[in-house]
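This report refers to the structure that appears directly beneath it.
Residue numbers (the working numbering): 68 to 255.
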């Protein structure tokens, strides 16, 4: 069966609106792993994760840094969690034609697989680029093209990225909405 639902999710000048009602998203990032299991988590583990997320008062989750299992998205639909899902562009990019095509494939598959989930409100295209050395300004061009490609596949959802370099103004301007990962005392 194909899951689907109806809702509107939009960012306006004064904040985020779900079904026309302004609200603040209280979210967490989730990596799908468990001690002793790694990524081999069960449906029960995922249900427990969703229960823990809900019990802490969160209503949103970011699938850091890759799309996750179909079960997880189904649970988020059922429990009313908002999901920012993303492709695995993390820290740095590889500058080859094959890497560019791989990014486009990731975005195309992410959107095709998850577009019917009402929980998904945003498509993420990268996380913390420039954490490792890369040629200047090439990531910006790539992410601008990837943003435009994602938007052409699904103009209804917001394109997002996470960053932690406040000085990367062009990169930070790429997404429609930017999430900042700040780590006081962690990285420096």
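Just so you know, even glycine gets a beta-carbon here, dropped at the ideal spot from N, CA and C. Note that the coordinates shown come from a computational prediction; the quantities given were computed from them, not determined experimentally.
- In the three-state DSSP reduction, residue 96 falls in the strand class (E or B).
- Linking residue 139 to residue 164 through their CA atoms gives a straight-line distance of about 32 Å.
- Cβ contact annotation for residue 84 (same chain, cutoff 8 Å, sequence separation greater than five): 75, 76, 77, 78 and 90, in chain order.
- In the structure shown, residue 249 falls within a coil segment according to DSSP collapsed to helix, strand and coil.
- The residue among 102, 115, 126 and 173 with its C-alpha nearest the C-alpha of residue 132 is 173.
- Between the C-alpha atoms of residue 191 and residue 124 there is a straight-line separation of about 23 Å.
- In the DSSP assignment, residue 220 falls within the unbroken alpha helix (DSSP H) covering 205-220.
- Residue 249 and residue 206 have their C-alpha atoms some 20 Å from each other.
- Rounded to the nearest angstrom, the Cβ distance from residue 127 to residue 142 is 14 Å, too far for a contact under 8 Å.
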